[in-house]
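>
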Amino acid sequence: MPELPEVQTIVDDLNKKIIGRKITAVWFDAPKIIKKPKARELEKKIKGLKISVVKRLGKNILIYLSGDNLLVVHQKMTGHLLVGRWKIQKIAKTKFKVTNLGKGPLQEKVNDYIHLIFDLDNGQQLALSDLRKFAKVLFGSKEEIEKSADLAKIGPDPMDKNFKGSDFIKSISRQKRKIKQVLLDQDVISGIGNIYSDEALFLAKIHPFRPANKIAKKELKNLYSAIKNVLKKAIKLRGTSISDFRDTSGEAGSYGQRRLVYRKESQLCGRCKTPIKRIKMGGRSAHFCPHCQKL
DNA sequence: CGATTCCCCTGATAGC
DNA sequence: TGCTATCAGGGGAATC
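Numbering (numbering that gives the first Met the number 0), first residue to last: 0 to 294.
#1: Please state the DSSP three-state secondary structure of Asp118.
#2: Would you check if there are 3 or more beta carbon pairs closer than 8 Å linking the stretch 144-164 to the stretch 81-89?
#3: State buried or exposed for Val52, treating a residue as buried only when at least 16 other CB atoms are found within 10 Å of its CB.
#4: Would you say the beta carbon of Asp243 comes nearer than 7 Å to a heavy atom of the ligand SAM?
#5: If you pair each beta-carbon of the stretch 197-207 with each one of the stretch 218-231, do three or more pairs fall below 8 Å?
#6: Can the beta-carbon of Pro4 be found less than 8 Å from the beta-carbon of Leu200?
#7: Comparing C-alpha positions only, which one of Leu127, Gly19, Lys152 sits nearest to Leu48?
#8: With a CB to CB cut of under 8 Å and the five nearest residues on each side skipped, what residues in its chain are close to Ile214?
#9: Straight-line CA distance for Asp36 to Cys271?
#10: Report yes if the C-beta distance between Ser284 and Ile275 is below 8 Å; otherwise report no.
#11: Within 10 angstroms of the Cβ of Asp246, are there 16 or more other Cβ atoms? Answer buried if so, exposed if not.
#12: Could you check whether Lys58 and Val10 sit closer than 8 Å to each other, using their CB atoms as the reference points?
#13: May I ask you to report which of helix, strand or coil DSSP gives Phe162?
#14: What number of angstroms, rounded off, separates the C-alpha of Pro104 from the C-alpha of Lys216?
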């Protein structure tokens with residue numbers, strides 16, 4: 000599932016591939032993914048706009064367009080932004096078959112779940128694939144979208160140079176909730192999801208269920224470094240593809256092979272050889288070493 | 001305030 | 001074989 004490193008990989012790709020391109024047409028077959036405005040309206044308004052720059056805000060992909068417009072994509076769990084060329088065939092009243100015209104990894108089944116395509120003025124296309132249809136698309140004036148509830152509350156970015164250890168300690172230590180939950184809260188700190196919260200807590204030797212306000216300053220400092228280090232490493236390796244993440248060319252990332260605890264239940268801890276445990280909290284699962292990570 | 005539950009959706013997997 | 005039930009999971013909303 001795309002978290003900060005995966006989203007950063009997409010943003011970096013897009014900045015190489017689609018800057019300066021004009022959107023010439025829009026196709027969609029799952030209008031519910033487009034939350035704002037209505038799909039038809041988005042189609043009408045976005046045609047002719049030129050892509051100026053792509054940024055990341057938490058796990059959101061921000062595609063800035065001419066005329067001070069902004070297109071936002073949140074990939075949620077199974078969303079993929081892809082650049083390529085596809086052929087669309089109507090196979091029933093509301094059913095379509097999307098086939099990749101290029102070669103390479105995009106031949107995979109990711110094509111079966113493409114629900115939104117932007118035609119670009121160089122013959123390329125920007126496509127949104129999403130098996131679960133949880134992805135979210137927003138479009139409007141830069142001002143309106145940036146101020147919208149979806150983006151306005153998003154907390155500081157752990158990769159931001161201005162986000163200091165002292166800020167992290169301050170915002171975390173006043174929370175009573177379990178530390179894992181706090182790390183997943185996008186309003187407290189943005190970009191971290193299930194994978195990297197497990198990895199960072201393992202590195203910092205903190206049990207995922209420990210109340211955030213019961214963690215010593217020194218441990219929080221370690222956690223701060225752990226988060227930065229693991230995200231940095233994952234960005235370098237272009238993300239984790241344990242689930243189904245792919246970059247804009249359909250290529251997998253390789254952090255998954257280096258992961259320490261995430262989805263490694265009953266495998267042995269790399270530090271102490273204790274079997275890794277998996278426990279549920281709410282609807283999510285936490286993976287950790289019951290020996291190294293103290294409650 | 002915090003904690004829990006449901007919902008969105010669909011492929012994979014387990015049980016019968 | 002083929003059906004049904006359950007689960008995963010980001011994030012928002014509703015409820016306790």
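Glycine is no exception: its CB is placed at the ideal position from the N, C-alpha and C atoms.
Quick look at the numbers:
#1: strand
#2: no
#3: exposed
#4: Questions concerning the ligand SAM fall outside what the structure shown contains, since it holds no ligand whatsoever.
#5: yes
#6: no
#7: Gly19
#8: Ile171, Ser172, Ile178, Ile205, Leu222
#9: In the sequence on display, residue 36 carries Pro and not Asp. Cα to Cα, Pro36 sits roughly 53 Å from Cys271.
#10: no
#11: buried
#12: no
#13: coil
#14: 46 Å
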